[in-house]
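Asks: As given, the protein sequences belong to chains A and B, one line each in that order. Following the numbering used here, the numbering of the first sequence begins with 1 at its first residue and continues without gaps. Following the numbering used here, the numbering of the second sequence begins with 1001 at its first residue and continues without gaps. All C-beta atoms in this analysis are idealised placements derived from N, C-alpha and C, irrespective of residue type, glycine included. The following block contains the structure, expressed as structure tokens.
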Amino acid sequence: KAGVTQTPRYLIKTRGQQVTLSCSPISGHRSVSWYQQTPGQGLQFLFEYFSETQRNKGNFPGRFSGRQFSNSRSEMNVSTLELGDSALYLCASSLMLGEAFFGQGTRLTVV
Amino acid sequence: GENVEQHPSTLSVQEGDSAVIKCTYSDSASNYFPWYKQELGKRPQLIIDIRSNVGEKKDQRIAVTLNKTAKHFSLHITETQPEDSAVYFCAATKGGGADGLTFGKGTHLIIQP
């Protein structure tokens, strides 16, 4: 069974640009969550999608958005990038109320 | 919202000794408490979890205890081995699974040979 796949693995963007990250969950998993990991703030919850609906959202500005497709694949978008958005972005998938499996993450560097 | 405090931030133990990491949470509605291990450059991986209707759970050398009244839970690793060296994160959520996990800041566990 393939694990959670995130693309791309690494990304370098310039301040002010926008970026789209992709996450393919484990087959059969309909819940996909996104997390931001930084040395200073640790792991912080961005949002969670289930059956194409955003069910839960963390405390991030509106520049951070996401969506989920009918095949459960999810994308997150960050607009008007800031230096502070540099982080490892992790996606996790799970069955309803089940164990969360994380992807390898996308390392975003904003210069 | 939920707040999870984790201690210590760094823990160094001799190989073969036990290690204990403690977390407290603030939201009494939280009902699922997973622990993740993250090795350098790798993804977080679930090592054990506990739900609020259980007080203790064991899996070989790893155990987790939960005290709902005091709102704290702990990770116990016995007979530590070099491969246990990593950063460990506790988390809490009301939803179960990956939904809305609030993480502690992490504990860097160092196993001294």
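Would the beta-carbon of A/S24 fall within 8 Å of that of B/D1099?
Replies: No; because the gap between Cβ atoms is not below 8 Å, this pair is not in contact.
Asks: How is the beta strand (DSSP E) around B/I1110 delimited, first residue to last?
Replies: B/I1110 -> beta strand (DSSP E) spans T1107 to Q1112.
Asks: Is the CB of A/G42 under 8 Å away from at least one CB in chain B?
Replies: At least one chain B Cβ lies under 8 Å of A/G42.
Asks: At a CB-CB cut-off below 8 Å, which residues of chain B make contact with A/Q68?
Replies: Simply none; closest approach about 13 Å.
Asks: For B/D1059, which beta-bridge partners are listed by DSSP?
Replies: According to DSSP, which records beta bridges pairwise, B/D1059 is partnered with B/I1062.
Asks: Quick one: give me the first and last residue of the beta strand (DSSP E) that B/H1076 is part of.
Replies: Note, B/H1076: beta strand (DSSP E), H1072 to I1077.
Asks: For B/D1084, which residues from the same chain have a beta carbon less than 7 Å from its beta carbon, with the 5 sequence-adjacent residues on both sides left out?
Replies: I1077, L1109 and I1111.
Asks: Return helix, strand or coil for A/L97, following the three-state DSSP convention.
Replies: A/L97: coil per DSSP, three-state reduction.
Asks: Just confirm the distance between the C-beta atoms of A/I12 and A/V78, as a whole number of angstroms; I'd bet it's less than 8 Å.
Replies: Between A/V78 and A/I12 the Cβ distance is about 14 Å, and since that is not below 8 Å, they are no contact.
Asks: Counting along the chain, where does the beta strand (DSSP E) carrying A/S70 start and finish?
Replies: Per DSSP, A/S70 belongs to no beta strand (DSSP E) and is neither H nor E.
Asks: Report the residues of the region 1053 to 1067 of chain B with a CB closer than 7 Å to any CB of chain A, ordered along the chain.
Replies: Residues: none.
Asks: Within 10 angstroms of its Cβ, does B/A1070 collect 16 or more other Cβ (buried), or is it exposed?
Replies: It counts as exposed.
Asks: Would A/F69 be called buried (16 or more neighbouring beta carbons within 10 Å of its own) or exposed?
Replies: Exposed is the call here.
Asks: Look at the Cβ atom of B/R1043, then the Cβ atom of A/Q104, and state whether they are nearer than 8 Å.
Replies: A contact, by the Cβ cut-off of 8 Å.
Asks: Based on DSSP bridge pairs, tell me the residues matched to B/D1049.
Replies: Beta-bridge pairing links B/D1049 to B/P1034.
Asks: Is there a Cβ from chain B that is less than 8 Å from the Cβ of A/L90?
Replies: Yes, contact with chain B.
Asks: Who are the neighbours of B/T1102 on chain A, taking C-beta pairs under 8 Å?
Replies: By Cβ distance, chain A contributes F45.
Asks: Taking Cβ-Cβ distances shorter than 8 Å, what residues in chain A pair up with B/P1082?
Replies: Correct list: empty, because the minimum Cβ distance to chain A is about 23 Å.
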